[in-house]
Structure formats: structure tokens, C-alpha cells
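Following the numbering used here, the numbering of the sequence shown begins with 8 at its first residue and continues without gaps. Where a beta carbon is used, it is the ideal one built from N, C-alpha and C, also for glycine.
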Amino acid sequence: MQNQPPLQTSNRQVAPSPKSSTGLDENIAALLSYVMTWVTGLIFFLIEKESRLVRFHAMQALILGGVAAVSSFVLWIAYFVVIIIASQIHGALGSLLSILLGLVIFLFFAAIIVGWILGMVKAYQGQYFKLPVIGNFAEKFSAK
């Protein structure tokens with residue numbers, strides 16, 4: 008009985024990922040720019056001098072984190088204003104206002120989290136993926 012040759016899972020050669028000016032692989036640096044949203048986005052945007060991929064994802068993470076921070080402050084104030092108004096309106100209308108704003112806040116932050124995760128995945132894959140609205144700004148501001 009002959010031994011069969013070992014199975015090969017893939018015949019393709021994996022090319023080494025290009026390096027960024029940070030010394031990291033481009034996709035790793037782009038991924039890391041999303042880790043702490045605007046903080047790491049700003050750091051990687053300032054230190055990266057060569058890689059368009061890293062600069063794009065760093066700017067997108069910076070804008071995403073900035074939008075999330077400003078929006079959370081505004082929505083927090085709006086929620087407490089609605090709670091105060093709802094306490095003055097007795098009955099179902101006041102409760103309905105609170106619930107609706109709570110739902111809007113939940114959906115907004117769910118979209119932020121989905122965008123954050125999607126940005127990390129696409130950055131790791133080495134793809135230029137523009138998030139809705141902020142992706143165009145990131146592309147514009149990250150161009151050399």
C-alpha cells in the first residue's frame with residue numbers, strides 16, 4: 008500500500024504585506040488605528056507618512072470616534088431634557104417620548120459599533136472601505 012502525498016490546502020503564494028512608515032505591516036497599522044477610535048486614529052494619522060491605506064483608515068477612525076463622542080454628549084443632554092419634559096407630561100405620551108429617544112440612541116450607537124467593527128475588518132483585509140458619509144471626508148482629508 009502506497010502512502011498518499013500530503014494534502015495541500017492552497018497552492019497560492021502569500022505575498023508579504025507592505026510595511027508602513029511605522030514599521031508595522033500596512034494592514035496591522037490600519038487595524039490598530041481603529042482600536043481606540045479617535046485617539047489611535049489621531050496617533051496613526053500623525054505618525055504615518057507614506058501609506059495611503061493607513062492614513063485613510065486612521066482618518067476614518069478619527070472622524071468616527073469624533074462623531075461618536077460629540078453625538079453621545081448631545082444625545083445625553085437631549086435624553087435628560089426629554090426625561091424632564093416627560094415627567095411634566097403625565098401618562099403615555101411622556102413615556103412614549105422617553106422610549107422613542109432611547110430607541111434612537113440605541114440604534115445610533117449600534118450603527119457606530121457596526122461601522123467600527125466593519126472598519127477594523129476591512130482595514131485588516133487591506134481594503135479601502137468608506138463608511139457612509141464619513142468615508143468621503145476621510146478620503147478627502149487623508150490624501151497627501
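What does the Cβ neighbour count give for residue i, buried or exposed, with the cut at 16 atoms within 10 Å?
| i | result |
| --- | --- |
| glycine 98 | exposed |
| lysine 147 | exposed |
Return the bridge partner residues of residue i from the DSSP annotation.
| i | result |
| --- | --- |
| lysine 26 | Asp32 |
Check residue i in the structure and name its three-state DSSP category.
| i | result |
| --- | --- |
| isoleucine 70 | helix |
| glutamate 55 | coil |
| phenylalanine 113 | helix |
| methionine 8 | Low confidence applies to methionine 8: its pLDDT is 47, below 50, so where it sits in the model is not reliable, and the reading given next is rough at best. If DSSP states are grouped into helix, strand and coil, methionine 8 belongs with coil. |
| leucine 39 | helix |
Does the beta carbon of residue i sit closer than 8 Å to a beta carbon anywhere in chain D?
| i | result |
| --- | --- |
| valine 61 | The structure shown contains no chain D, having only a single protein chain. |
Which same chain residues, not among the five before or five after residue i, have their C-beta less than 8 Å away from its C-beta?
| i | result |
| --- | --- |
| glutamate 33 | Ser24, Pro25, Lys26, Ser27, Ser58, Leu60, Val61, Gly133 |
Less than 6 Å between C-beta atoms, sequence neighbours within five positions excluded: which residues of the same chain meet that for residue i?
| i | result |
| --- | --- |
| alanine 130 | Ala37, Leu38, His64 |
For the candidate residues the options, whose alpha-carbon lies nearest to that of residue i?
| i | options | result |
| --- | --- | --- |
| leucine 107 | Thr47, Glu55, Tyr86, Met66 | Tyr86 |
| serine 105 | Asn143, Leu82, Trp45, Met43 | Leu82 |
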